[in-house]
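Colleague: Residue numbers (our numbering), protein chains in the order written: chain A, 22 to 137; chain B, 84 to 192.
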Amino acid sequence: ETGVTQTPRHLVMGMTNKKSLKCEQHLGHNAMYWYKQSAKKPLELMFVYNFKEQTENNSVPSRFSPECPNSSHLFLHLHTLQPEDSALYLCASSQDGGSGGMQTQYFGPGTRLLVL
Amino acid sequence: GQNIDQPTEMTATEGAIVQINCTYQTSGFNGLFWYQQHAGEAPTFLSYNVLDGLEEKGRFSSFLSRSKGYSYLLLKELQMKDSASYLCAVRDGTYKYIFGTGTRLKVLA
Chain A
22 ETGVTQTPRH
32 LVMGMTNKKS
42 LKCEQHLGHN
52 AMYWYKQSAK
62 KPLELMFVYN
72 FKEQTENNSV
82 PSRFSPECPN
92 SSHLFLHLHT
102 LQPEDSALYL
112 CASSQDGGSG
122 GMQTQYFGPG
132 TRLLVL
Chain B
84 GQNIDQPTEM
94 TATEGAIVQI
104 NCTYQTSGFN
114 GLFWYQQHAG
124 EAPTFLSYNV
134 LDGLEEKGRF
144 SSFLSRSKGY
154 SYLLLKELQM
164 KDSASYLCAV
174 RDGTYKYIFG
184 TGTRLKVLA
């Protein structure tokens, strides 16, 4: 257990569906991240929130929409996805996004998404 | 551009020592991380280097040379449970973490 939980663990959706992924961290961290992990590719950073403010949007298509209502919760809203969006979506948190200190990221178990 | 290279796969025998190399080219450097990821599970933190030299933590050690853009993870006394993917990541600036594709390590009995 890393202190970061994600739901659901598995999700199958059609291209016209709307769904949301949820992440919650119990570590008292202030920075939260969404990553996409596809087979044989590096983890791709999608979004970063620091103290609830979005600080990074790594050229992610608008069919992915993040939401961070507070420092403990992070959502990824999905709509009209494509089959190539099928991947493992990982959430992570770190103390904060500041430049000082180690800023280790702690990852959740991920949501395995399949888009049909 | 930003790039991190590590071998795709390695195989070693139980009880042996294995070294996983990582080379990087990033626009900034604010630390290098190694993570272990078992199939279907979250990456878990193993080690962190920000200054040149060796960091030792039990059976795991990590080395960094900033001038060469090079790091390695050393695993001693390999156990079957060490079979996993090992991810090298560089913190580039404040919020960006650049990851390699990972090295899949197989430990054979």
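Positions of the beta carbon are idealized from the N, C-alpha and C atoms, including for glycine. It should be emphasised that the depicted structure is a prediction, and the values quoted were computed from it without experimental measurement.
Could you say if the region 60-72 of chain A and the region 162-180 of chain B meet the contact criterion of at least three C-beta pairs nearer than 8 Å?
Modeller: Touching, yes.
Colleague: Select from the region 158-179 of chain B all residues with a C-beta closer than 9 Å to any C-beta belonging to chain A, and list them in chain order.
Modeller: Residues passing the 9 Å Cβ filter: L170, A172, R174, G176, T177, Y178, K179.
Colleague: How should P126 (chain B) be labelled, buried or exposed, when 16 other C-beta atoms within 10 angstroms of its C-beta is the threshold for buried?
Modeller: Taking the second sequence and counting its residues from 1, the one referred to as residue 126 (chain B) is at position 43. When all chains shown are included, P126 (chain B) counts as buried.
Colleague: Please classify S168 (chain B): is it buried, with 16 or more other beta-carbons within 10 angstroms of its beta-carbon, or exposed?
Modeller: Numbered from 1 along the second sequence, position 85 holds the residue referred to as residue 168 (chain B). Per the 10 Å Cβ criterion, buried.
Colleague: In the region 126-165 of chain B, which residue ranges form an unbroken beta strand (DSSP E) of at least 3 residues, counting only runs that do not cross its ends?
Modeller: Within the region 126-165 of chain B, the complete beta strand (DSSP E) runs of at least 3 residues are 127-132, 136-140, 143-148, 153-158.
Colleague: Using the C-alpha atoms, what's the distance from V190 (chain B) back to T96 (chain B)?
Modeller: The residue labelled residue 96 (chain B) in the question sits at position 13 within the second sequence. The residue labelled residue 190 (chain B) in the question sits at position 107 within the second sequence. C-alpha separation (whole angstroms): 5 Å.
Colleague: Using the C-alpha atoms, what's the distance from K61 (chain A) back to L111 (chain A)?
Modeller: The residue labelled residue 111 (chain A) in the question sits at position 90 within the first sequence. The residue labelled residue 61 (chain A) in the question sits at position 40 within the first sequence. If I take the Cα positions, the gap works out to 15 Å.
Colleague: When you measure from the CB of P63 (chain A) to every non-hydrogen atom of the ligand COA, does any distance come out below 7 Å?
Modeller: The ligand COA is absent from the structure shown, which contains no ligand whatsoever.
Colleague: Can you find a C-beta in chain A that's less than 8 Å from the C-beta of P90 (chain B)?
Modeller: Stepping through the second sequence from its first residue, residue 90 (chain B) is reached at position 7. With 8 Å as the cut-off, P90 (chain B) does not count as an interface residue toward chain A.
Colleague: Buried or exposed for L188 (chain B), going by 16 or more other Cβ atoms inside 10 Å?
Modeller: Indexing the second sequence from 1 puts residue 188 (chain B) at position 105. By the 10 Å Cβ count, L188 (chain B) comes out buried.
Colleague: Within the same chain, show all residues whose beta-carbon is closer than 7 Å to that of K140 (chain B), passing over the 5 residues directly before and after it, in chain order.
Modeller: Numbered from 1 along the second sequence, position 57 holds the residue referred to as residue 140 (chain B). So the list reads S130, once near-sequence residues are dropped.
Colleague: What are the boundary residues of the beta strand (DSSP E) that includes S168 (chain B)?
Modeller: Mapped onto the second sequence, residue 168 (chain B) falls at position 85. Here the beta strand (DSSP E) through S168 (chain B) covers 167-175.
Colleague: Look at the alpha carbon of L170 (chain B) and the alpha carbon of S83 (chain A), and state the distance between them as a whole number of angstroms.
Modeller: On the second sequence, position 87 is the one that residue 170 (chain B) refers to. On the first sequence, position 62 is the one that residue 83 (chain A) refers to. Spanning the two alpha carbons is a distance of roughly 28 Å.
Colleague: The region 37-63 of chain A: which residues have C-beta closer than 7 Å to a C-beta of chain B, in chain order?
Modeller: Those would be K61, K62, P63, in chain order.
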